[in-house]
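Novice: Please find one structure pasted underneath; my questions will follow.
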Amino acid sequence: MDINCIIIYDNTAEATVVFASESVYDVLGYTPEELMGKPGYELIHPDELAAIGLIHTANVKEERMSSITMYRSRCKDGTYVQLDVVVHYCCDALVTTNFKIASLDCVRRRSRISSADFAHTIRHDGTILLNDSQQKINQLLSLKQPWGKDNKLEQKTQEPRFCIILNRYTTNMTIVFATKMCEILVGLNQIDCIGKSLLDFVAMEDHENVSKQIQLSKSNDFISKLRFYWINDENNLIPIEAVVSSTYDGLVMVARLAPSYITKR
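All residue numbers for the sequence shown refer to the numbering used here, where the first residue is 1 and numbers rise by one.
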């Protein structure tokens, strides 16, 4: 696996860092504390700023569950490193897993790119290469920024989603972090869930598939897509769609409610 880390940005025009995992030091040379509160755009190579702005706008306006972009990011010592950045849009935040590229043509990297819903490469001259049609490129270029005068997201109906980070080094997928929206969507207490297994909240019939898909993400570095029933405290079954990506510092899962996709049990 490429050296990697988790960085979470707020959903403003500046994309301010609100969380960084410990391995960000190995990727960019910053400690998590040094990155906290820093606008994400300060880390982008000047030649690639405009392109990142377009992709950032698309990720927010289209509420993309998973996209991946290759671009250069500035290290603490002033040098630049090439990253693959997987972005999961999560309502009030952008949750990212960041991979320092060791080889452009390794199997794991190709697998990671092919598993994302959208893939972009920013060339060093600032142009964007998309794994998509010219029509999609034109749509990207035509998008207007979704942020108002205060640089906050303009009022709109956003799909509610929540994020959970799991301990990748345990077999029972222990929860180590959860966003507040989990309480609204599935009745999961943001604090009380810490230390519990994700499988405690997954319908028994879905255990095997959820475990298999998460293990595949851990083993192969690609983005897994899950569909399963969540069990709340009242034993109600809540249909969930989620994406999972893997880093050294944890497994990132972003989830949303889904239409019932199988016969109600």
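Think of the CB as a built atom: it goes at the ideal place given N, C-alpha and C, for glycine as much as any other residue. The structure displayed is predicted, hence computed values, not measured ones.
Please report the residue range of the beta strand (DSSP E) in which residue 165 lies.
Specialist: On the sequence shown, residue 165 is found 165 positions in, with the first residue counted as 1. 161-166 is the span of the beta strand (DSSP E), which, as asked, contains residue 165.
Novice: Identify, in the order they occur along the chain, each residue of the same chain with its Cβ nearer than 8 Å to the Cβ of residue 173, setting aside the five sequence neighbours on each side.
Specialist: Looking up residue 173 in the sequence shown gives position 173. Only 166, 167, 197, 198, 199, 211, 214, 251 meet the Cβ criterion.
Novice: Would you be able to state if there are at least three C-beta pairs under 8 Å between the stretch 50-70 and the stretch 16-27?
Specialist: The way I'd put it, the stretch 16-27 doesn't touch the stretch 50-70; fewer than three beta-carbon pairs between them come closer than 8 Å.
Novice: DSSP state of residue 193, grouped into three classes?
Specialist: The residue given as residue 193 occupies position 193 in the sequence shown. Residue state, collapsed to three classes: coil.
Novice: Per DSSP, which one or two residues make a beta bridge with residue 242?
Specialist: Indexing the sequence shown from 1 puts residue 242 at position 242. Paired residue(s): 226, 255.
Novice: Could you compute how far the alpha carbon of residue 101 sits from the alpha carbon of residue 233?
Specialist: Numbered from its first residue, the sequence shown carries residue 101 at position 101. Numbered from its first residue, the sequence shown carries residue 233 at position 233. Approximately 43 Å, taken between the alpha carbons.
Novice: Measuring only the C-alpha atoms, how far is residue 133 from residue 67?
Specialist: By 1-based counting over the sequence shown, the position of residue 133 is 133. By 1-based counting over the sequence shown, the position of residue 67 is 67. Its pLDDT being 47, under 50, residue 133 is placed unreliably by the model, and the measurement read from it follows with that caveat. Cα-Cα distance, rounded: 16 Å.
Novice: Does the Cβ-Cβ distance between residue 8 and residue 18 come in under 7 Å?
Specialist: For the purposes of this step, residue 8 is identified with residue 8 of the sequence shown, where counting begins at 1. For the purposes of this step, residue 18 is identified with residue 18 of the sequence shown, where counting begins at 1. Yes, Cβ-Cβ distance for residue 8 and residue 18 is below 7 Å.
Novice: For residue 51, write down the residues that DSSP places opposite it in a beta bridge.
Specialist: The residue given as residue 51 occupies position 51 in the sequence shown. Answer is none; residue 51 lacks a bridge partner.
Novice: On a CA-only basis, which of 61, 99, 77 is nearest residue 6? Give me that one, please.
Specialist: For this step, residue 6 is matched to residue 6 along the sequence shown. With distances taken between Cα atoms, residue 6 lies closest to 99.
Novice: How many angstroms separate the CA atom of residue 175 from the CA atom of residue 32?
Specialist: To locate residue 175, count along the sequence shown from 1; it is residue 175. To locate residue 32, count along the sequence shown from 1; it is residue 32. When rounded, the distance between both Cα atoms is 20 Å.
Novice: Leaving out the 5 sequence neighbours to the left and right, which residues in its chain are closer than 7 Å to residue 30 when beta-carbon positions are compared?
Specialist: One-based indexing of the sequence shown puts residue 30 at position 30. Excluding residues within five positions, the ones whose Cβ falls inside 7 Å are 24, 76.
Novice: So what's residue 218 in DSSP terms, helix, strand or just coil?
Specialist: Along the sequence shown, one-based indexing puts residue 218 at 218. Correct three-state label for residue 218: helix.
Novice: Helix, strand or coil: how does DSSP classify residue 40 here?
Specialist: Translated into the one-based positions of the sequence shown, residue 40 becomes position 40. It is helical.
Novice: How far does the beta strand (DSSP E) with residue 74 in it extend, from its first residue to its last?
Specialist: As a position in the sequence shown, residue 74 is number 74, starting the count at 1. From DSSP, the beta strand (DSSP E) with residue 74 extends over 67-74.
Novice: Suppose the cutoff is 6 Å on Cβ atoms and the five residues either side in sequence are ignored; what does the same chain contact list for residue 350 look like?
Specialist: Nothing about residue 350 can be read from this structure; the chain reaches only from 1 to 265.
Novice: What does the alpha-carbon distance come out to for the pair residue 48 and residue 245?
Specialist: Position 48 of the sequence shown, counting from 1, holds the residue named residue 48. Position 245 of the sequence shown, counting from 1, holds the residue named residue 245. Going by the C-alpha atoms only, they are around 25 Å apart.
Novice: Find the nearest neighbour of residue 182 within the set 107, 240, 58, judged by alpha-carbon distance.
Specialist: Position 182 of the sequence shown holds residue 182. Per the Cα distances, 240.
Novice: Go ahead and pull the three-state DSSP assignment for residue 58.
Specialist: Here residue 58 refers to the residue found at position 58 of the sequence shown. It is helical.
Novice: Take residue 117 and list the residues in its own chain whose beta-carbon comes closer than 8 Å to its own, dropping the five residues that flank it on each side.
Specialist: Residue 117 sits at position 117 when you count from the first residue of the sequence shown. Hits under 8 Å: 64, 65, 66, 67.
Novice: Can the beta-carbon of residue 80 be found less than 7 Å from the beta-carbon of residue 120?
Specialist: The residue labelled residue 80 in the question sits at position 80 within the sequence shown. The residue labelled residue 120 in the question sits at position 120 within the sequence shown. Against a cut-off of 7 Å, the Cβ pair of residue 120 and residue 80 comes out as no contact.
Novice: Could you have a look at residue 3 and say whether DSSP puts it in helix, strand or coil?
Specialist: Along the sequence shown, read from residue 1 onward, the residue named residue 3 stands at position 3. In the structure shown, residue 3 sits in coil (DSSP, three-state: anything other than H, G, I, E or B).
Novice: Who are the near neighbours of residue 59 in its chain, counting only those whose CB is closer than 6 Å to its CB and skipping five residues on each side?
Specialist: What you label residue 59 is simply residue 59 of the sequence shown in a count that begins at 1. Excluding the 5 residues flanking it on each side, residue 59 has same chain C-beta neighbours closer than 6 Å at 67, 87, 89, in chain order.
Novice: Is DSSP giving residue 207 helix, strand or coil here?
Specialist: Here residue 207 refers to the residue found at position 207 when the sequence shown is read from its first residue. Three-state result, residue 207: helix.
Novice: Beta-carbon separation of residue 186 and residue 228 under 7 Å?
Specialist: As a position in the sequence shown, residue 186 is number 186, starting the count at 1. As a position in the sequence shown, residue 228 is number 228, starting the count at 1. Going by C-beta atoms, residue 186 is not nearer than 7 Å to residue 228.
Novice: Is DSSP giving residue 134 helix, strand or coil here?
Specialist: Here residue 134 refers to the residue found at position 134 of the sequence shown. Note that residue 134 scores a pLDDT of 45, beneath 50, so its modelled location is shaky and nothing firm can be said.
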